[in-house]
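Going letter by letter, the sequence shown gives residues 2 to 398 in this note's numbering.
Beta carbons are placed, not taken as given, at the ideal position from N, Cα and C, and that holds for glycine.
These figures come from a predicted structure and were not determined experimentally.
What follows is a short report on a single structure.
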Amino acid sequence: MTHQSPTLSEAQKRELHETALRIVSPGKGILAADESVGSMAKRLAQVGVENTEENRRQYRQILFSADDRINGCIGGVIFFHETLYQHSDNSVPFVKMIRERGIMVGIKVDKGVVPLAGTCGETTTQGQTTKYYGLLLISLTSPQRNAYYKTNYHSIVNLTGLDGLSERCAQYKKDGAVFAKCRCVLKISDANPSQLAIAENANVLARYSSICQQHGIVPIIEPEILPDGDHDLKRSQYITEKVLTAVYKAMSDHHVYLEGTLLKPNMVTAGHSCSTKYSPEEVAMATVTALRRTVPPAVTGVAFLSGGQSEEEASVHLNAINNCPLAKPWILTFSFGRALQASALRAWRGHKENEKAATEQFIKRAEANSLACQGKYTGGDNYGESGQRSYGSCHAY
Ligand code: 5MM
2 MTHQSPTLSE AQKRELHETA LRIVSPGKGI LAADESVGSM AKRLAQVGVE
52 NTEENRRQYR QILFSADDRI NGCIGGVIFF HETLYQHSDN SVPFVKMIRE
102 RGIMVGIKVD KGVVPLAGTC GETTTQGQTT KYYGLLLISL TSPQRNAYYK
152 TNYHSIVNLT GLDGLSERCA QYKKDGAVFA KCRCVLKISD ANPSQLAIAE
202 NANVLARYSS ICQQHGIVPI IEPEILPDGD HDLKRSQYIT EKVLTAVYKA
252 MSDHHVYLEG TLLKPNMVTA GHSCSTKYSP EEVAMATVTA LRRTVPPAVT
302 GVAFLSGGQS EEEASVHLNA INNCPLAKPW ILTFSFGRAL QASALRAWRG
352 HKENEKAATE QFIKRAEANS LACQGKYTGG DNYGESGQRS YGSCHAY
């Protein structure tokens with residue numbers, strides 16, 4: 002029998018652990034700005050903005066140019082491949098802008114989901130483009146790349162497997178990324194998730210984590226259970242426990258060094274169509290109970306996704322989770338996309354004159370969540386207003 006983490010030296014382990022700790026240090030969480038081109042199309046369409054590479058760059062610039070107030074709130078930013086190589090209006094690389102303020106740079110390395118044959122609409126996550134596609138896309142001009150994405154996006158992502166992830170991790174590390182993210186998607190229904198989907202996605206996340214760590218990159222493990230459905234809080238908790246149990250069994254099988262990882266799970270909430278409403282304290286108790294039963298204390302931090310909750314709901318739930326009266330051996334923070342960006346996007350609407358106001362909205366949410374991850378958030382005025390939610394069913398592209 003081999004010993005644990007045989008491919009990582011003590012120095013490598015230390016580096017991974019320290020990076021993970023810095024990302025989720027007290028009061029800090031993660032800005033998930035890694036929406037793929039397809040997801041950005043949906044976000045921008047909501048505010049009447051065309052989904053071009055330039056518009057995506059301008060929008061990300063609004064977030065990345067926030068002033069020093071975010072330095073104590075944001076420990077890491079997850080980039081999408083395209084964004085990692087973009088620059089500000091003043092030609093400063095986005096990566097430099099983020100790193101100079103002591104914020105860690107991360108990269109989304111998954112390439113979306115594909116169907117799992119023989120299941121009721123379930124999916125697995127694929128790893129990446131081949132080297133060929135990567136090189137091709139880098140060599141194109143922006144308009145060419147836009148046109149290419151438009152016509153070939155689905156064939157690009159339909160390459161299966163994790164082949165090539167190792168090479169891409171090596172390149173991303175050189176280009177400034179110190180952590181990565183891979184998202185798998187599971188669904189709840191009477192039949193789902195199937196054993197196959199649970200096992201397959203757990204294995205994908207573990208294999209991805211192992212590859213990242215070999216390149217000194219901290220893997221963020223995102224097994225998202227979608228909130229679609231009318232299931233109650235108990236069923237959500239039960240499924241979350243089953244999924245996370247499988248994930249950590251796979252992590253052990255793949256010799257993943259847990260101290261050098263972060264988990265990005267869903268909070269345990271009832272399905273969006275569930276008729277019973279639960280309090281933040283009930284959500285917090287279900288969430289922390291599920292984590293305590295499944296996530297080893299060695300895991301450095303848990304950074305929740307917001308899953309289409311309104312900005313206020315996500316902050317109030319995170320605050321309640323941190324105040325839950327159960328022992329919590331991990332740092333519990335945020336890795337929000339929509340719940341950090343929804344107001345900023347609405348304020349911007351693609352107009353130059355709105356950029357400052359949009360940045361202010363982002364800072365406001367970053368500060369709220371910085372308090373929430375310390376259990377000190379006292380806001381929540383719009384809690385429970387479903388009109389504010391950014392939920393779109395089957396968020397699984
Ligand atoms: C679930 O999505 C992740 C967290 O975002 P929310 O807080 O909005 O739920 C997010 O990081 C997601 O993985 C990225 O936006 C990339 O998603 P796509 O679907 O574009 O790959």
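Put residue i into one of helix, strand or coil per three-state DSSP.
i, result
"K29", "coil"
"H256", "coil"
"V269", "coil"
"P281", "helix"
"V93", "coil"
"A328", "coil"
"E36", "coil"
"H82", "helix"
"S316", "helix"
"G135", "Here G135 scores only 49 on pLDDT, less than 50, and its place in the model is too uncertain to base an answer on."
"S10", "coil"
"S311", "coil"
"E101", "coil"
"E19", "helix"
Judging by CA-CA distance, which residue of the options is the nearest neighbour of residue i?
i, options, result
"L186", "N202, F180, Y249", "The sequence given here places Val at residue 186; Leu does not occur at that position. The candidate whose alpha carbon is nearest that of V186 is N202."
"N267", "T290, M252, L306", "L306"
"I99", "P298, T120, L117, V179", "V179"
"S237", "L259, L372, K250, T290", "T290"
"T8", "V257, E354, K265", "V257"
"A34", "T288, R44, S26", "R44"
"K278", "M252, I104, G385", "G385"
"P298", "S92, D229, G77, A328", "A328"
"Q375", "I322, N355, R366, A340", "I322"
"V106", "M286, A181, A251", "A181"
"L206", "L346, N193, F335, K265", "K265"
"I108", "V248, F65, D176, Q62", "D176"
"G49", "T84, S371, R350, E354", "R350"
"M252", "K29, E354, Y209, S195", "Y209"
Per DSSP, what are the beta-bridge partners of residue i in this structure?
i, result
"K109", "K182"
"H88", "P94"
"L264", "I222, V303"
"L1", "The chain is shown only over 2 to 398; residue 1 falls outside these bounds and no answer can be derived."
"V115", "T125"
- Item | Complete runs of the alpha helix (DSSP H) confined to the stretch 343-384 [at least 4 residues] | 356-373
- Query: What are the uninterrupted segments assigned as beta strand (DSSP E) that are 3 or more residues long and contained completely in the stretch 172-204, given in chain order?
  - Reply: 180-187
- Item | Contiguous alpha helix (DSSP H) assignments of at least 4 residues, all confined to the stretch 32-77 | 38-47, 54-65
- Runs of alpha helix (DSSP H) lying entirely within the stretch 214-256, each at least 4 residues, in chain order: 234-254
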